[in-house]
Amino acid sequence: MNIIDIHPHIVSDDETRYPPAPLFGKRSDWSQERPNTVESLIAAMDEAGVAKAAVVHSSTTYGFDNRYVVDGCNRYKDRLVAVGSVDMLADDVPAVIKGWADQGLAGLRIFTGGSTKDFDPSELDNPKSFKAWEMLAELKLPMCIQTGPVGLPQVRMLAERFPAVNIILDHLARPDVLDGPPYANAASLFELRDLPNIYMKLTPRIFGDVKKDKASAGTFFPRVVEAFGAGRLAWGSNFPTSPGTLGEILATAEQGLACLDEDDRAWIFGKTAQKLYPALR
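Taken in order, the sequence shown gives residues 1 to 281; the numbers are from the UniProt record's numbering.
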């Protein structure tokens, strides 16, 4: 199986050339405790058997400065593509997006909260951001959104308003699955099933959550595939933010998805990524 990871991160060891300037003013702990250069990522991929990756810019290290993720991925164009972040509310955001795309950026990400800040989805439905979405549609670039259930109404609005933009929800939008089947607490997630441009990342967070309380991998992942189809699901390691080696993170995902058939796993571990990021084909 051709395994592709759509959610690793990289951090430079050269803070003079790539100075930290974290979004919201607080740098993430992981980026200081477990920094991972692009060279380290390639070595980890080789060891784990991961063929290619869409590398997600670390907003909690560099804010909107995408230089390291772009420079790093451009050094390994046969294996990596870069996913960056921009100020969606800036007056010149269309030109900024076009500029980064010309340098090799293959997609964007909105970080509405997470490890360093509570979720605030207000940016998502701010009309000032719509010109950025129009540019994404023009350039055929996907958008990753880091949010929780609180932001899903805004996600629906964006998916309906910009149907030509593929939207990828980081960490499966962090659903509450602890109630177990039929997973009523995750209803707001499954309600997005009718939107063909909504995609989901399966990352270590969900593989951990399905081992808790009444949840299980064998009941949850088939439910997600039934709702969205494996062609709208993709694996992301969150390495090195999530603890463990890349190989260990992959093994956990493979174990969790063993309940699915081979074709579904082939989509989740590679083919969906290639659909979202054609340069990974």
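We put the CB at the ideal spot given by N, CA and C, even for glycine. This structure is a prediction, so every number in the text was calculated from the model and none was measured.
Which first and last residues belong to the beta strand (DSSP E) in which residue i is found?
{"i": "Val177", "result": "From DSSP, Val177 is part of no beta strand (DSSP E); its letter is neither H nor E."}
{"i": "Tyr199", "result": "Ile198 to Leu202"}
{"i": "Ala82", "result": "Leu80 to Gly84"}
{"i": "Trp235", "result": "Leu233 to Trp235"}
What is the residue span of the alpha helix (DSSP H) that residue i lies within?
{"i": "Gly247", "result": "Leu246 to Gly256"}
{"i": "Gly49", "result": "Counting along the chain, Gly49 falls outside any alpha helix (DSSP H), and DSSP gives it neither H nor E."}
{"i": "Leu189", "result": "Ala187 to Phe190"}
{"i": "Leu169", "result": "Premise fails: Leu169 lies in the beta strand (DSSP E), Ile167 to Leu169, not in any alpha helix (DSSP H)."}
{"i": "Arg17", "result": "Unbroken run through Arg17: none, as it is neither H nor E."}
{"i": "Pro240", "result": "Element bounds for Pro240: n/a, residue is neither H nor E."}
{"i": "residue 282", "result": "This structure does not reach residue 282, given that the chain is present from 1 up to 281, and the question cannot be answered."}
{"i": "Met157", "result": "Leu152 to Arg161"}
{"i": "Arg67", "result": "Arg67 to Arg75"}
{"i": "Pro22", "result": "It is not in any alpha helix (DSSP H) - Pro22 carries neither H nor E in the DSSP assignment."}
{"i": "Lys275", "result": "Thr272 to Leu276"}
{"i": "Val224", "result": "Ala217 to Phe228"}
{"i": "Thr61", "result": "Ser59 to Tyr62"}
{"i": "Asp264", "result": "Glu262 to Ala266"}
Just the C-alpha distance for residue i and residue j, rounded to the nearest angstrom, thanks.
{"i": "Thr203", "j": "Lys131", "result": "30 angstroms"}
{"i": "Glu254", "j": "Leu260", "result": "10 angstroms"}
{"i": "Asp78", "j": "Pro121", "result": "35 angstroms"}
{"i": "Ile249", "j": "Glu15", "result": "28 angstroms"}
{"i": "Gly247", "j": "Pro20", "result": "28 angstroms"}
{"i": "Ala277", "j": "Ala215", "result": "For the record, residue 277 in the displayed sequence is Tyr; it is not Ala. Using only the alpha carbons, I get a separation of about 32 angstroms."}
{"i": "Ile3", "j": "Phe269", "result": "5 angstroms"}
{"i": "Asp5", "j": "Ser58", "result": "16 angstroms"}
{"i": "Ala184", "j": "Pro196", "result": "22 angstroms"}
{"i": "Ala279", "j": "His9", "result": "18 angstroms"}
{"i": "Glu123", "j": "Arg161", "result": "15 angstroms"}
{"i": "Val224", "j": "Leu257", "result": "11 angstroms"}
{"i": "Arg232", "j": "Asp13", "result": "35 angstroms"}
{"i": "Arg156", "j": "Trp267", "result": "24 angstroms"}
{"i": "Asp102", "j": "Ala82", "result": "12 angstroms"}
{"i": "Ser31", "j": "Asp65", "result": "15 angstroms"}
{"i": "Asp91", "j": "Gly107", "result": "20 angstroms"}
Please check the pair residue i and residue j, which I expect to be a contact at CB under 8 angstroms, by giving their CB distance rounded to whole angstroms.
{"i": "Lys201", "j": "Ile168", "result": "6 angstroms"}
{"i": "Ala159", "j": "Ile198", "result": "5 angstroms"}
{"i": "Ile42", "j": "Tyr76", "result": "6 angstroms"}
{"i": "Ser129", "j": "Phe111", "result": "No, Ser129 and Phe111 are not in contact; Cβ-Cβ is about 13 angstroms, not under 8 angstroms."}
{"i": "Lys211", "j": "Leu178", "result": "Contact doesn't hold; Cβ gap of about 10 angstroms is too wide."}
Evaluate contact between the stretch 129–143 and the stretch 184–191, counting only Cβ atoms and requiring at least three cross-stretch pairs below 8 angstroms.
no
Three or more C-beta pairs below 8 angstroms linking the stretch 87–101 and the stretch 42–54
no
Segments assigned alpha helix (DSSP H), at least 4 residues, entirely inside the stretch 103–150
130–139
Can we say the stretch 168–186 touches the stretch 142–150, given the rule of at least three CB pairs closer than 8 angstroms?
yes
With three or more beta-carbon pairs closer than 8 angstroms as the criterion, would you say the stretch 66–78 touches the stretch 34–51?
yes
Check whether the stretch 26–35 and the stretch 229–236 are in contact - that is, three or more C-beta pairs closer than 8 angstroms.
no
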